[in-house]
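Colleague: Below are the structure tokens for one structure; questions will follow.
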């Protein structure tokens, strides 16, 4: 990102300062400080190399518990921490960028189709991440025990596909139970007949009840 600013023949002196900002929904560092800034320095002496590169980490969960906002950045953090629009202080809601974000959020909440698409894509992303990590760990264990590379590759591919499929179907069950999708819509999205979908949803409900 830093070096990509340059074109052929340009001097390094023309590089602009690059600041990478990471907004975290979880705690990464110890202590109560919600903002951490890092730059390049010598690992033994701590001597700073330059000011051209900086990594900034903002831990939203810590800021939400600290104090009322006092700057534009802190207003943004309060919004990202999940503050409802009606609870926002007036100076915050008047900020042009935050106001634009609120308008987009309102449009999203008004569109049922957008909400469903978001839920489906978010669930699929989380399922894929979890499945990939599970498969990776399982493959490592099986590899040490069996040493069969071909079998591991096939197992990973089949497990990933089946896991994602199961996760999507489970999400459709939840959307039907919550009244966000009709059985007809859900079964169509799942690529199943209505009867097969209802039967499978009933079995899934019984399994959940037994676990509870």
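In my numbering, the protein residues as written are -2 to 209.
Beta carbons: idealized from backbone N, C-alpha and C, even for Gly.
This structure is a prediction, so every number in the text was calculated from the model and none was measured.
Nearest-angstrom Cα distance between residue 53 and residue 79?
Modeller: The residue you call residue 53 lines up with position 56 of the chain shown. The residue you call residue 79 lines up with position 82 of the chain shown. Cα-Cα distance, rounded: 21 Å.
Colleague: Going by DSSP in three states, residue 13 sits in which element: helix, strand or coil?
Modeller: Numbered from its first residue, the chain shown carries residue 13 at position 16. It is coil, neither helix nor strand.
Colleague: Ends of the alpha helix (DSSP H) at residue 89?
Modeller: Within the chain shown, residue 89 is the residue found at index 92, counting from 1. Where residue 89 is concerned, the enclosing alpha helix (DSSP H) stretches over 87 to 91.
Colleague: Across the segment 42 to 60 and the segment 93 to 112, are there enough close Cβ pairs to call them in contact, namely three or more that are closer than 8 Å?
Modeller: No, they do not touch.
Colleague: Using the three-state DSSP reduction, which class does residue 44 fall into: helix, strand or coil?
Modeller: Within the chain shown, numbered from 1, the residue matching residue 44 stands at position 47. DSSP places residue 44 in coil when its eight states are reduced to three.
Colleague: For residue 173, which residues of its own chain have a beta-carbon under 8 Å away from its beta-carbon, when the five flanking residues on both sides are left out?
Modeller: Taking the chain shown and counting its residues from 1, the one referred to as residue 173 is at position 176. Closer than 8 Å at the Cβ level, and outside the excluded window around residue 173, lie 179, 180, 183, 198.
Colleague: If you count every other CB in all the chains shown that lies within 10 Å of the CB of residue 59, and 16 or more means buried, which is it?
Modeller: Residue 59 sits at position 62 when you count from the first residue of the chain shown. So residue 59 counts as buried.
Colleague: Taking DSSP as the reference, what is the three-state secondary structure of residue 22?
Modeller: Here residue 22 is taken as the residue at index 25 of the chain shown, counted from 1. The answer is coil: DSSP assigns residue 22 none of H, G, I, E or B.
Colleague: Using a threshold of 9 Å, state whether the C-beta atoms of residue 23 and residue 71 are closer than that.
Modeller: On the chain shown, position 26 is the one that residue 23 refers to. On the chain shown, position 74 is the one that residue 71 refers to. Not in contact: residue 23 and residue 71 (Cβ atoms no closer than 9 Å).
Colleague: Beta strand (DSSP E) containing residue 32: first to last residue?
Modeller: The residue labelled residue 32 in the question sits at position 35 within the chain shown. Per DSSP, residue 32 belongs to the beta strand (DSSP E) from 32 to 36.
Colleague: With distances taken from CA atoms, which of 189, 117, 93, 111 is nearest residue 164?
Modeller: Here residue 164 is taken as the residue at index 167 of the chain shown, counted from 1. The shortest C-alpha separation from residue 164 is found at 117.
Colleague: Here's a check: name, in chain order, each residue in its chain whose Cβ is nearer than 6 Å to the Cβ of residue 203, leaving out the five neighbours to either side.
Modeller: As a working mapping, residue 203 is identified with position 206 in the chain shown. Here residue 203 scores only 48 on pLDDT, less than 50, and its place in the model is too uncertain to base an answer on.
Colleague: Can you look up residue 178 in the DSSP assignment and give me helix, strand or coil?
Modeller: As a first step, residue 178 is located in the chain shown; it is residue number 181 there, counting from the start. Coil.
Colleague: Out of 196, 103, 68, which has the shortest C-alpha to C-alpha gap to residue 86?
Modeller: Numbered from its first residue, the chain shown carries residue 86 at position 89. Cα-wise, what sits closest to residue 86 is 68.
Colleague: If you check the beta carbons only, do residue 66 and residue 51 fall under 9 Å apart?
Modeller: As a position in the chain shown, residue 66 is number 69, starting the count at 1. As a position in the chain shown, residue 51 is number 54, starting the count at 1. No, these two residues do not count as a Cβ contact at 9 Å.
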